[in-house]
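Chemist:
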Amino acid sequence: TDNRTFRIAAIPADGVGREVVAAGRAVLDALAADSGGAFGFDWQEFPWGCDYYQRTGRMIDEDGLVQLKEFDAIYFGAVGWPTVPDHISLWGLRLKICQSFDQWANVRPVHFLPGITSPLRKADTTELDWVVVRENSEGEYAGLGGRNLAGRGRGGEVAIQSALFTEVGCERIMRFAFDLARTRSRRKVSSVTKSNAQQYGMVLWDDVFHRVADDYPDVETESVLVDAMSAKFVLHPEDLSVVVASNLNADILSDLGSALAGSLGLAASANLNPERRFPSMFEPVHGSAPDIAGQGLANPIGAVGSAALMLEHFGLPEQAARLYKAIEKTTGAGILTRDVGGTASTDNVTKALIDALAG
Ligand code: NAI
Ligand code: MG
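Residues 2 to 360 (full-length UniProt numbering) are what the sequence shown spells out, left to right.
1) Less than 8 Å separating the beta-carbons of A143 and S281?
2) In the structure shown, what three-state DSSP assignment does T2 receive?
3) Counting contacts by CB-CB distance shorter than 8 Å, is N274 in contact with chain C?
4) Taking the beta carbon of P115 as the centre, do at least 16 other beta carbons fall within 10 Å, making it buried, or is it exposed?
5) Please classify T2: is it buried, with 16 or more other beta-carbons within 10 angstroms of its beta-carbon, or exposed?
6) Spatial neighbours of L267 within its chain, please: CB distance less than 8 Å, with the 5 preceding and 5 following residues excluded, ordered by chain position.
7) Taking 7 Å as the line, does the beta carbon of D52 fall inside it for any heavy atom of the ligand NAI?
8) Quick check on DSSP: helix, strand or coil for R278?
9) Starting from E20, trace the beta strand (DSSP E) in both directions and tell me its first and last residue.
10) Quick check: is any heavy atom of the ligand NAI less than 7 Å from the C-beta of N300?
11) How far does the alpha helix (DSSP H) with F234 in it extend, from its first residue to its last?
12) Taking Cβ positions, are R339 and L273 nearer each other than 8 Å?
13) Beta-carbon within less than 7 Å of E221's beta-carbon, same chain only, minus the 5 sequence neighbours each way: which residues are those?
14) Applying the 10 Å Cβ sphere with the 16-neighbour rule, what's the burial state of H287?
15) Quick check: residue 364 and V235, are their CB atoms within less than 8 Å of each other?
16) According to DSSP, is V220 part of a helix, a strand, or is it coil?
17) Give the straight-line distance between the Cα atoms of A353 and A24, rounded to the nearest whole angstrom.
18) Could you please give the first and the last residue of the uninterrupted beta strand (DSSP E) stretch that includes W44?
19) Considering only DSSP beta bridges, list what V245 is partnered with.
20) I'd like to know whether the C-beta atoms of A182 and V243 end up nearer to each other than 8 Å.
21) Helix, strand or coil for P301 per DSSP?
22) Taking C-beta to C-beta, are T167 and E139 nearer than 8 Å?
23) Can we say the stretch 156–166 touches the stretch 215–231, given the rule of at least three CB pairs closer than 8 Å?
24) Exposed or buried, what is R109 when buried is set at 16 or more other beta-carbons lying within 10 Å of its beta-carbon?
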């Protein structure tokens, strides 16, 4: 490791996003302090989110993307609060960053931790570990459509929400998934669609999948419909390694995966611009959790796991491994927040993670 300072834009945004970003920053700073100056973080925090919207009418500064572009990475909490319609807050901040910075690969590992009970009985006896690769730039979240197109007025309104699939978009996410599979002990890619019912976009997806698969003869493949895949997550998760799916399908499946691992609060994610033309963004999978926000109940592990993905992106896999070890030591010792059956607060878990780094 050389002497590097990483410039990171922190966007805690709303609800528990603020609590878990503070926790993740504390853990990362402790890691850097312990590195003997080998690397460090230069943080700048941005106040964007639903409160900001109420004050200014904007989810992000007008030149916000220009400001963000200068950073090495973005560390994000969660956006959304009952005071602002969810489609305004999500599109105004998170999706705006993902799409403008072409963060087309969303990596969401499903990782089972010691000391945390899974609702899957198999988790006690079987090694379970898979990763959802989500197409993050088009598909069902392309934002294409409109309302009241026919001008029929109240009661007769019409809405169209189209999904966009391009050959380029399909091909790059599939190559990403296959390349990732080659780094794993189980070299397998499962492609998820609903191509029996959605005969245009998802059949294009299937065609590209089969073409790309030919370039990776060493990687096992399967194509599974999304309804069957949701059952497979529960019944045969030991058969999964890399699961590649469109924007909406992967969004749903990754929440299911994190629930199977024990809680939405555990799940980490990376929104990557693999070409590195723009900063990538690291965030827990969960939302702002208004039901528990501000009470010290938020599980910080999803956010800390996302920080580990950020370290991997920076080319510091050994530092990421230190974070994973600290996470396993903490959960293994039974220091758990309420969502995973414990009584520890966000601060208790954060402190335990920092102590585990030292020892
Ligand atoms: P949510 O993920 O915020 O909460 C779902 C359930 O998981 C709740 O019971 C919550 O208490 C629990 N949970 C979530 N994070 C947790 C944590 N760290 N520790 C312990 N428990 C946790 O999803 P919900 O309720 O559907 O959405 C709330 C808001 O978040 C909405 O405004 C939504 O639009 C937004 N949202 C934002 C996302 C993002 O910024 N990436 C992703 C998903 C939702
Ligand atoms: Mg989601």
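Where is the CB? At the ideal position from N, CA and C, for every residue including glycine.
Modeler: Here's the rundown:
1) In the sequence shown, the residue the question calls residue 143 occupies position 142. In the sequence shown, the residue the question calls residue 281 occupies position 280. Contact: no.
2) Here residue 2 refers to the residue found at position 1 when the sequence shown is read from its first residue. For T2, the predicted model reports a pLDDT of 43, less than 50, meaning its position is unreliable; a value from the coordinates is still stated below. DSSP places T2 in coil when its eight states are reduced to three.
3) Protein chain content of the structure displayed is limited to a single chain, and chain C is not contained in it.
4) By one-based count along the sequence shown, residue 115 stands at place 114. Counting Cβ neighbours within 10 Å, P115 comes out exposed, since fewer than 16 surround it.
5) The residue given as residue 2 occupies position 1 in the sequence shown. For T2, the predicted model reports a pLDDT of 43, less than 50, meaning its position is unreliable; a value from the coordinates is still stated below. Classification for T2: exposed.
6) The residue labelled residue 267 in the question sits at position 266 within the sequence shown. Here the set comprises H112, L114, I117, S259, N300, I302, G303, G306, V341.
7) For the purposes of this step, residue 52 is identified with residue 51 of the sequence shown, where counting begins at 1. False, no ligand heavy atom lies under 7 Å from that Cβ.
8) The residue you call residue 278 lines up with position 277 of the sequence shown. R278 falls in the coil class under three-state DSSP.
9) Position 19 of the sequence shown holds residue 20. No beta strand (DSSP E) holds E20; the alpha helix (DSSP H) holding it covers 17–34.
10) Numbered from its first residue, the sequence shown carries residue 300 at position 299. Because some heavy atom of the ligand NAI lies under 7 Å away, the Cβ of N300 counts as near it: yes.
11) Reading the sequence shown from its first residue, position 233 is the one you call residue 234. From DSSP, the alpha helix (DSSP H) with F234 extends over 227–236.
12) One-based indexing of the sequence shown puts residue 339 at position 338. One-based indexing of the sequence shown puts residue 273 at position 272. No, Cβ-Cβ distance for R339 and L273 is not below 8 Å.
13) Walking along the sequence shown from the start, residue 221 turns up at place 220. Closer than 7 Å at the Cβ level, and outside the excluded window around E221, lie R188, K189.
14) On the sequence shown, position 286 is the one that residue 287 refers to. The residue in question, H287, is buried, as its Cβ has 16 or more Cβ neighbours within 10 Å.
15) The structure shown has nothing for residue 364, since the chain only spans 2 to 360.
16) As a first step, residue 220 is located in the sequence shown; it is residue number 219 there, counting from the start. It is coil, neither helix nor strand.
17) Within the sequence shown, residue 353 is the residue found at index 352, counting from 1. Within the sequence shown, residue 24 is the residue found at index 23, counting from 1. So the alpha carbons of these two residues sit roughly 11 Å apart.
18) Here the question's residue 44 lines up with position 43 in the sequence shown. 40–46 is the extent of the beta strand (DSSP E) around W44.
19) Mapped onto the sequence shown, residue 245 falls at position 244. The partner list for V245 (beta bridge, DSSP) reads V134, S192.
20) Against the sequence shown, residue 182 aligns to sequence position 181. Against the sequence shown, residue 243 aligns to sequence position 242. Their beta carbons are under 8 Å apart, which means A182 touches V243 by this criterion.
21) Sequence index remark: in the sequence shown, residue 301 carries index 300 (1-based). It is coil, neither helix nor strand.
22) Mapped onto the sequence shown, residue 167 falls at position 166. Mapped onto the sequence shown, residue 139 falls at position 138. Going by C-beta atoms, T167 is nearer than 8 Å to E139.
23) no
24) Counted from its first residue, the sequence shown places residue 109 at position 108. Looking at its Cβ environment, which holds 16 or more other Cβ atoms inside 10 Å, R109 is buried.
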